[in-house]
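**Student:**
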Amino acid sequence: MIRLENVSVAYEQFGRTFKAVDRVSLDVRKGEFLGIVGTSGAGKSTLVRTINLLQRPTSGKVFIKDQEITSLKGRELSKLRQNIGMIFQHFNLIKNASVFDNVAFALKASDTPKAEIAPRVTELLKLVGLEKYERSYPNDLSGGQKQRVAIARALANSPEILLCDEATSALDPDNTQEVIQSLVKIKDSYPITVVFITHQMEVAKSLFDRVAVMSKGRIVEVGSSYQIFSRPESTEAQKLVKRSLSYSLPEEVKKQAGDLYQIVFKEESAYEPTIAEISRKLSVDLSIIAGGIEYIQKKPLGSLVVSLSRSLDANKKREVLDFLNQRAFVSEYKEL
């Protein structure tokens, strides 16, 4: 559906060339929810804006449905953008227009026949759970509700592609969940391809089919959401995942505990009595300091912080860590 080939975006800054996006190649499959994650400044927003040419690449090519679009202008570009909806961190609603009229605006702008506008707006507001708010105004709505209006507006002309640029970043956790639930419903109801930019790994757990990790303008890792969380390979992915699975421990606990390790168990190993096995087979007791199990793409992912006695000799300690590494992803505990 979307293909980027060696896309770069460069700026002149203080007499030097700065590459916000550096030779990125990426395929987005038809009908998938692809998340692009990374810290601020990684180049995520710049990259996603090359897909609808809000940001023209300095070099490289962008394809939509096998059509190279990089040089499109004028009417051809306008026609392309009608097939690509976009929502932003800030909702950009018309303040003095009702919820109904905000969504209808996109239909009127595309010359939709008048008789078709009201039924389509009603359908979209029902989809995002706002059918009771069509006569309300933006100032009457929560942040999550405003973003859901923006989603409905972006879907008004039935685009095949939806771009989401930090769509939940300005929202609190409850409103973020509202938006995620609306997008999940859209995913189940519409044959739409979504590219979602975020630095919030909690969103990645709930929503994406695949995740692309960006760092310093480059894609450094791509995999299924579960793969990225359960066995991240790149340094950047490991940092992001560790931060999302981290536990904040009281200083007293950290002082009294032994050597601390974080263990991530995936799939069947999340249910196995690994800690009990270590005690039984290696005669070493591990203390569980924090932990839990969550589900990503309907698969279990367990995370524990454990304490290993500092009095343990080096060989025995290595034996325990080797045992764990055969069953899980293990790293020294560091609070982020």
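Take 370 as the starting number for the sequence shown in my numbering and just add one per residue. Glycine residues also receive a C-beta, built at the ideal position from the N, C-alpha and C atoms. On a predicted model such as this, the values are computed, not experimentally measured, just so you know.
How do the segment 564-582 and the segment 532-546 stand: do at least 3 beta-carbon pairs fall below 8 Å, yes or no?
**Tutor:** Enough Cβ pairs lie closer than 8 Å, so yes.
**Student:** Look at the alpha carbon of T537 and the alpha carbon of E605, and state the distance between them as a whole number of angstroms.
**Tutor:** 21 Å
**Student:** Can you have a look at K611 and say buried or exposed, based on whether 16 or more other CB atoms are within 10 angstroms of its CB?
**Tutor:** buried
**Student:** Compute the Euclidean distance between the alpha carbons of L446 and S377, then round it to the nearest angstrom.
**Tutor:** In a straight line, the C-alpha of L446 is about 20 Å away from that of S377.
**Student:** With burial defined as no fewer than 16 other Cβ atoms inside 10 Å of the residue's Cβ, what is the status of V397: buried or exposed?
**Tutor:** buried
**Student:** Give the DSSP-derived three-state secondary structure of Y702 in the structure shown.
**Tutor:** DSSP places Y702 in the coil class of the three-state scheme, outside both helix and strand.
**Student:** Can you give the Cα-Cα distance for F333 and P528, rounded to whole angstroms?
**Tutor:** Within the shown structure, residues of the chain are numbered from 370 to 705, placing residue 333 beyond reach of any answer.
**Student:** Please determine if the segment 580-591 and the segment 420-429 are in contact, where contact requires at least 3 C-beta pairs separated by less than 8 Å.
**Tutor:** no
**Student:** Is the beta carbon of V675 sitting closer than 8 Å to the one on L655?
**Tutor:** Yes, these two residues count as a Cβ contact at 8 Å.
**Student:** Relative to the C-alpha of R392, which residue among T427, T386, V406 and S414 is closest?
**Tutor:** T427
**Student:** So what does R679 bridge to, in DSSP terms?
**Tutor:** BP columns for R679 are empty, so no partner.
**Student:** In its own chain, which residues sit with a C-beta less than 6 Å from the C-beta of P669, not counting the 5 before and 5 after it?
**Tutor:** Sequence-distant Cβ neighbours of P669 in its own chain, meaning closer than 6 Å and more than five residues away, are A639 and I662.
**Student:** Please go through the same chain and pick out, in chain order, the residues whose beta-carbon is closer than 7 Å to the beta-carbon of Y616, but skip the five residues on each side of it.
**Tutor:** A659 and V674
**Student:** Alpha carbon to alpha carbon, how far is G627 from F692? Give it in angstroms, no decimals.
**Tutor:** 18 Å
**Student:** Where T408 and L540 are concerned, what is the direct C-alpha to C-alpha distance, given to the nearest angstrom?
**Tutor:** 17 Å
**Student:** Taking all protein chains shown into account, decide if A508 is buried (16 or more other Cβ within 10 angstroms of its Cβ) or exposed.
**Tutor:** The sequence shown places Asn at residue 508, not Ala. Its Cβ having fewer than 16 others within 10 Å, N508 is exposed.
**Student:** Do the CB positions of G454 and A389 come within less than 8 Å of each other?
**Tutor:** no
**Student:** With a threshold of 8 Å on Cβ separation, who are the neighbours of A581 within its own chain once the five nearest residues in sequence on each side are excluded?
**Tutor:** L395, L403, G404, I405, V406, I588, E590 and V591
**Student:** Give the single residue among Q382, G412 and I433 whose Cα lies nearest to the Cα of M370.
**Tutor:** I433
**Student:** Using the C-alpha atoms, what's the distance from N684 back to A521?
**Tutor:** 60 Å
**Student:** Judging by CA-CA distance, which residue of F387, R649 and S594 is the nearest neighbour of G410?
**Tutor:** F387
**Student:** Tell me whether the beta-carbon of G671 lies closer than 8 Å to the beta-carbon of F634.
**Tutor:** Contact flag set, yes.
**Student:** Enumerate in chain order the residues of its own chain whose CB-to-CB distance from L441 is below 8 Å, with the five nearest sequence positions on each side excluded.
**Tutor:** L422 and L449
**Student:** Kindly provide the ranges of any alpha helix (DSSP H) runs that are 4 or more residues long and lie completely inside the segment 494-544, ordered along the chain.
**Tutor:** 512-523
**Student:** What's the C-alpha gap between G512 and F460?
**Tutor:** 8 Å
**Student:** Is it true that the CB of M570 sits closer than 8 Å to the CB of L609?
**Tutor:** yes
**Student:** Quick check on this structure: which residue in G498, V518 and N526 has the alpha carbon closest to the alpha carbon of K554?
**Tutor:** G498
**Student:** Give the single residue among V653, R696 and R444 whose Cα lies nearest to the Cα of L714.
**Tutor:** In the structure as shown, the chain begins at 370 and stops at 705. Residue 714 is therefore absent and cannot be evaluated.
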